[in-house]
Structure formats: structure tokens, C-alpha cells
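Undergrad: The following block contains the structure, expressed as C-alpha cells.
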Amino acid sequence: MLANDDIIKIAEELAEAERTHTVIPRITARYPDATIDDSYAIQGVWRDSQVAAGRTLVGRKIGLTSKAMQAATGITEPDYGVMFDDTVYETGAIIDYDQFTNVRIEVELAFVLAKPLEGPNCSLFDVIRATEFVTPALEILNSHIELEGRTIVDTISDNAAYGGMVLGGVPTRIQDIDDIRWVSALAYKNETIEETGVAAGVLNHPASGVAWLANKFHQHGQRLEAGEIILAGSFTRPMWVERGDTVLVDYGKMGTITCRFR
0 MLANDDIIKI AEELAEAERT HTVIPRITAR YPDATIDDSY AIQGVWRDSQ VAAGRTLVGR
60 KIGLTSKAMQ AATGITEPDY GVMFDDTVYE TGAIIDYDQF TNVRIEVELA FVLAKPLEGP
120 NCSLFDVIRA TEFVTPALEI LNSHIELEGR TIVDTISDNA AYGGMVLGGV PTRIQDIDDI
180 RWVSALAYKN ETIEETGVAA GVLNHPASGV AWLANKFHQH GQRLEAGEII LAGSFTRPMW
240 VERGDTVLVD YGKMGTITCR FR
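As C-alpha cells, then:
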């Protein structure tokens, strides 16, 4: 376990790295005994400092929801981070590439909650009942920690590598989708298809990740609140994006999302 002073110091480093669009050395290289609990403590200190500075929390992201990503990182459960209002874009947005240190795009569904969700026994059915609608969403991954050799402890500390979110497509009630597991997406970069996937890649049902998060929050005496946006996890591999690239993702009946990085 890290000392509290070290947790605060790392959180301050990450806040400065975000402000200056730079990266810091790996936490696990400097503190090899750091644990996952330490990483969430670092994230929590960083989050509280951002709220104190005037940013508004609008939701949560869930990561590492696929077996392939879990195997790659050596962790057997998803992770999570927070999302602030100034990181949310609408489809068609022209996004400043230089506000990030690196850019990757993931293809997801976002759940917008009409009712609070809390554990300890939150189920997939509870999530469906509490969800106002789901909508296509792209997550912009961004890292403030050097990528080479990075571990799950580094990623969680860095707000689970969340950089931003693009919302678009057709907001739809889950009950109006024949089978949400079969929602599919075609991801294009500069008019060339790069990735494809179906929503079942997220824990066999994208609502399962939201239930997991509600139960995880219960362990810390917290819950998911009405109105929050929950990014349920990617069902494609991360797609690298460079300055000037245009991204378009086609979700079929659920519409499209597009953005460009200037």
C-alpha cells in the first residue's frame, strides 16, 4: 500500500500532466508495490481535485470488459473512471487533437439512467429497468502515463485512460431493440473500415458492465445516480487516430457518429 502523501503526489502529477498534455513516468516503475486499491485512491484524489476546481461529473466509464483485454492486462474484472462535462462532444464535432497526448477510439454504447442504481445485488434486469435509453458513443482514450510497460495500476490511476466521449446516433429504449447483444458497429477511419464488432463482446450483454459497476460502488458506499451517462465498454479494439483523421462509426439502425481531429 502506498503512503497517503505518495497518493496525493501522484494525483497532482496526473493533474499537471492533463493540464500540460504531457506524460509522466510509470507509477509501477517508481512504486512497484502499488496495488489496485492504491490506483483507485489516486484516481479518487484526482477526481475530487477536479470537482473542487469547478468541473461537473456527468457519468462513468467502464473498461476492460472483454476477455481479450482482461487477458492482456492480467486482471479478471473490469475497471472504471469518471467523466466530466467538458469532455463530452456531439457527433460531427471537430476535436482539437493537441489537447490529448495520444488518441485511440473505442466503439461503445452509453446507458443514460432514469433512476439510481445501487448494489449489492444489482442485476442486468435492474439496469434495464433503470435505463432511460441507450445511445451510440465513441470513447476517446488518452493516457498521461507512458504507454510502454504500463499495467492496470497505471491505467486505473490515470482515470482508466479516459479522454473524452462523442455521443450520436439514435437514442433508443432497450425494450425497443430486438436484442441489444446484436447491436453491431462498423468503424471507419478516413473512409477505410478499420474495426467491426457486436455489443455482446461486452460481458455477453452491455448492461452487465453497468450492473457490475453498481455493485462495485456499493463496496464504497456509493451508487450510480439518475441522469448519469455510463459508457458500458468497447466492443472493438482501440483504433489509433492521428491529427487530421476523420472517424465515422455506423451502428446500423441506431445511426452513425462522426468526428474529426484537427
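According to numbering that gives the first Met the number 0, the sequence shown is numbered sequentially starting from 0.
All C-beta atoms in this analysis are idealised placements derived from N, C-alpha and C, irrespective of residue type, glycine included.
Treat the numbers as computed from the prediction; the structure is a model and nothing was measured.
(1) Suppose you measure from the CA of R18 to the CA of Q98; what does that come to, to the nearest Å?
(2) Just the Cα atoms here: how many angstroms apart are R262 and G58?
(3) For I7 and A40, I'd like the C-alpha separation in whole angstroms.
(4) Assess, as a yes-or-no matter, whether the segment 229 to 241 is touched by the segment 92 to 109 under the definition of 3 or more beta carbon pairs within less than 8 angstroms.
(5) Measure the alpha-carbon distance for V197 versus R242 and round it to whole angstroms.
(6) What number of angstroms, rounded off, separates the C-alpha of A206 from the C-alpha of A109?
(7) Per DSSP, which residues does W239 bridge with? Please list them.
(8) Got a sec, what are the start and stop residues for the alpha helix (DSSP H) V44 sits in?
(9) How would you label V50, buried or exposed, when you count the other beta carbons within 10 angstroms and need 16 or more for buried?
(10) Applying the criterion that 16 or more other CB atoms from any shown protein chain within 10 Å of the CB defines a buried residue, is D95 buried or exposed?
(11) List the endpoints of the continuous alpha helix (DSSP H) containing S207.
(12) Please state the DSSP three-state secondary structure of R29.
(13) Go ahead and pull the three-state DSSP assignment for A92.
(14) Along the chain, where does the beta strand (DSSP E) containing A16 start, and where does it finish?
(15) Could you tell me how far apart the beta carbons of G167 and T255 are, in whole angstroms, since I believe they sit closer than 8 angstroms?
(16) Which partner residues does S183 have in the DSSP bridge list?
TA: This is what the structure holds:
(1) 9 angstroms
(2) The requested residue 262 does not occur in the structure, where the chain is confined to residues 0 to 261.
(3) 9 angstroms
(4) yes
(5) Spanning the two alpha carbons is a distance of roughly 28 angstroms.
(6) In this structure, the straight-line span from the alpha carbon of A206 to that of A109 is close to 10 angstroms.
(7) R103
(8) I35 to A51
(9) Label assigned to V50: exposed.
(10) exposed
(11) P205 to H217
(12) Collapsing the DSSP output to three states places R29 in a helix.
(13) strand
(14) Careful: A16 lies outside any beta strand (DSSP E), inside the alpha helix (DSSP H) at N3 to T19.
(15) Contact between G167 and T255 holds: their C-beta atoms lie close to 7 angstroms from each other, under 8 angstroms.
(16) V197
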